[in-house]
Each structure stands twice: as structure tokens, then as C-alpha cells.
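If you're matching them up, the sequences are chains A and B in order. Note that the first sequence covers residues 30 to 146 in our numbering. Note that the second sequence covers residues 687 to 798 in our numbering. Positions of the beta carbon are idealized from the N, C-alpha and C atoms, including for glycine. Just so we're clear, the structure is a prediction, and the values are computed from it rather than from any experiment. These notes are about the structure you will find just below.
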Amino acid sequence: GNSVTQMEGPVTLSEEAFLTINCTYTATGYPSLFWYVQYPGEGLQLLLKATKADDKGSNKGFEATYRKETTSFHLEKGSVQVSDSAVYFCALSPSGVARRSARQLTFGSGTQLTVLP
Amino acid sequence: NAGVTQTPKFQVLKTGQSMTLQCAQDMNHNSMYWYRQDPGMGLRLIYYSASEGTTDKGEVPNGYNVSRLNKREFSLRLESAAPSQTSVYFCASSPTGMETQYFGPGTRLLVL
């Protein structure tokens with residue numbers, strides 16, 4: 030079956046530090062890949078996504094590249110801010126789903142990021 | 687637009703009690719989902735509804751039932767709550783065939 034593995038947290042960084050959160054996946058074919066972010070007390074929000082190999086998703090200074098050869102989708106940001114403190118989830122949506130079906134997401138376990146001023 | 691709304695925000699139940707978690711979306715989405723979030727386990731899909739009138743089991747459906755009341759509303763029912771159902775429950779919606787899901791703020795449930 031499909032699965033997503035994220036690096037264990039929590040991660041604590043100082044403001045302006047470089048961030049990497051690792052994500053690898055297991056799936057057949059070419060799934061779509063996502064990063065969702067959950068701020069304290071809120072629901073999940075889509076941060077970025079990539080739908081095919083070598084695509085780069087980017088948003089709010091975050092980036093992730095879809096690497097088929099290593100089945101990875103690592104999240105990076107060059108300079109984190111205190112406001113980036115949140116839980117980050119990597120997720121996949123399988124390929125080959127009928128067009129009119131609901132697209133199920135498989136989530137990783139989440140990585141808690143705390144950025145200190 | 688309110689997006690996806692959930693009620694209640696927080697609930698405490700005793701073992702064996704029943705309750706219904708409500709979810710509504712105003713984005714005219716066809717597909718809706720219920721997840722539970724537990725520490726260290728990410729989100730796991732309980733049930734989903736691809737369109738009005740259809741529902742399907744997800745990864746962890748045991749102990750739950752759902753109703754897709756209309757296009758806007760998708761409720762989750764616990765008939766006889768158990769401590770193992772203590773969790774945070776999220777509802778989400780998406781347009782037909784689209785992958786991006788939009789989440790509600792969650793319901794925190796404690797079963798004693």
C-alpha cells in the first residue's frame with residue numbers, strides 16, 4: 030500500500046536558520062505529493078504541491094522537489110521565521126484514480142517545527 | 687466564504703455515549719472526508735464521500751458511521767464512544783477529482 034515517512038521531530042531552529050524536513054514515500058506509479066502546514070489550534074492548509082517527477086512546488090519561501098529516483102519530497106526554506114512555527118505534514122495522492130472519484134490522501138506523521146527568536 | 691466549518695470545537699463523552707460531529711462546507715465541493723489525528727500518527731482517513739449520496743470506508747472506519755446529508759453537509763457519528771476514540775477529528779472537502787483538500791478547524795474529542 031501507499032505510505033509516507035517523515036523525519037522525526039520536534040525540530041527547533043533559531044530565526045534565519047536553514048530548514049530541511051525529509052519526506053520519502055512508497056507508492057506505485059506517479060503519485061502527486063503535498064506539504065500541508067498546521068498552525069497551532071487550526072486545521073491543515075496546503076503549503077505546496079508537485080504532480081510529476083522533477084516538479085518543484087514553492088510557496089511562502091518554502092520549496093520541495095519531486096524526486097522519483099529517490100522517492101523523496103524534502104521541504105526546504107532558506108531562512109525561517111518565528112511565524113513558521115507549526116506542524117508540517119507530507120502527503121501523497123495516488124495516481125490512476127478515476128476522474129470522478131474522491132482523491133484520498135495518505136499523510137506522514139508530521140514534524141513539529143519551533144523557531145526561536 | 688466560511689470554508690469548512692465543524693461543530694462542536696470540543697466535547698467530553700463518557701464511554702458508551704453517542705454523539706454526532708457536524709461538518710459543512712460552502713465551496714460547492716462534491717467530495718468530503720473525515721480524518722482523525724493522533725500523536726505520532728498523522729491523519730488517518732475514517733470515511734469519505736465522493737459525491738452526494740455516496741460514502742466509502744477509509745483506513746480506520748470501525749466504530750464510526752457517516753451521513754452525507756446533502757452536498758454541503760457530512761456528519762460523523764460515534765454510536766458507542768470508547769476511550770480509543772479520543773482524538774482530534776478533521777473534516778475536509780475537495781472539488782471532484784481534485785487532489786487539494788480544504789480542512790476545517792477540527793473537533794477535539796475526549797472519551798473518559
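Would you call the region 58-66 of chain A and the region 703-722 of chain B in contact, with 3 or more CB pairs under 8 Å?
-> no
Those residues which DSSP pairs with Glu-105(A) across a bridge | Within the DSSP secondary-structure output, Glu-105(A) pairs in a beta bridge with Thr-49(A) and Glu-92(A).
Using only alpha-carbon positions, find the residue among Gly-792(B), Leu-798(B), Leu-796(B) and Val-797(B) that is nearest to Leu-73(A).
-> Gly-792(B)
Which of helix, strand or coil DSSP assigns to Asp-724(B) | DSSP, read as helix, strand or coil, puts Asp-724(B) in coil.
For Gln-74(A), does the three-state DSSP call read helix, strand or coil?
-> In this structure, Gln-74(A) counts as strand in the three-state DSSP scheme.
Nearest chain B C-beta to Gly-58(A) closer than 8 Å, yes or no?
-> With 8 Å as the cut-off, Gly-58(A) does not count as an interface residue toward chain B.
Alpha carbon to alpha carbon, what distance is there between Glu-98(A) and Arg-128(A)?
-> Below a pLDDT of 50, predicted positions are generally treated as unreliable, and Arg-128(A), at 49, falls in that range; the measurement from the model is reported next regardless. If I take the Cα positions, the gap works out to 27 Å.
Taking the alpha carbon of Thr-100(A) as the point to measure from, which residue in Gly-107(A), Gln-110(A), Glu-92(A) and Leu-121(A) has its own alpha carbon closest?
-> Leu-121(A)
Element boundaries [beta strand (DSSP E), containing Leu-121(A)] | Leu-121(A) -> beta strand (DSSP E) spans 115-122.
Closest Cβ-Cβ distance between Glu-765(B) and chain A: below 8 Å?
-> no
Chain A partners of Leu-699(B), CB-CB under 7 Å?
-> Here the premise fails: no neighbours, minimum Cβ distance about 21 Å.
Whole-angstrom distance between Phe-47(A) and Asn-748(B), CA atom to CA atom = Pairing Asn-748(B) with Phe-47(A), the inter-Cα distance amounts to about 42 Å.
Mind reading off the beta-carbon distance from Phe-776(B) to Tyr-721(B)? Whole number of angstroms is fine, and I expect it under 8 Å.
-> 5 Å
Quick one: is Gly-728(B) near chain A, going by C-beta distance under 8 Å?
-> yes
Buried/exposed call for Lys-140(A), threshold 16 Cβ in 10 Å | The displayed chain sequence assigns Thr, not Lys, to residue 140(A). Burial call: buried.
Hey, is Gly-739(B)'s beta-carbon within less than 8 Å of any beta-carbon in chain A?
-> no
Check whether the region 111-118 of chain A touches the region 749-767 of chain B, counting contact only when three or more Cβ pairs, one atom from each stretch, lie closer than 8 Å.
-> No: the two stretches stay apart, fewer than three of their Cβ pairs being nearer than 8 Å.
Is there a Cβ from chain A that is less than 8 Å from the Cβ of Phe-789(B)?
-> yes
How about Glu-759(B): is its C-beta nearer than 8 Å to some C-beta of chain A?
-> With respect to chain A, the C-beta atom of Glu-759(B) has no partner C-beta closer than 8 Å.
Would you say the beta carbon of Leu-73(A) comes nearer than 7 Å to a heavy atom of the ligand SAM?
-> This structure lacks the ligand SAM; in fact it carries no ligand of any kind.
Three-state secondary structure assigned by DSSP to Ser-737(B) = coil
Closer than 6 Å by C-beta to Thr-55(A): which residues in its own chain qualify, once you throw out the five before and the five after it? Chain order, please.
-> Non-local beta-carbon contacts of Thr-55(A) in its own chain, meaning distances under 6 Å to residues more than five positions away in sequence, involve Ser-32 in chain order.
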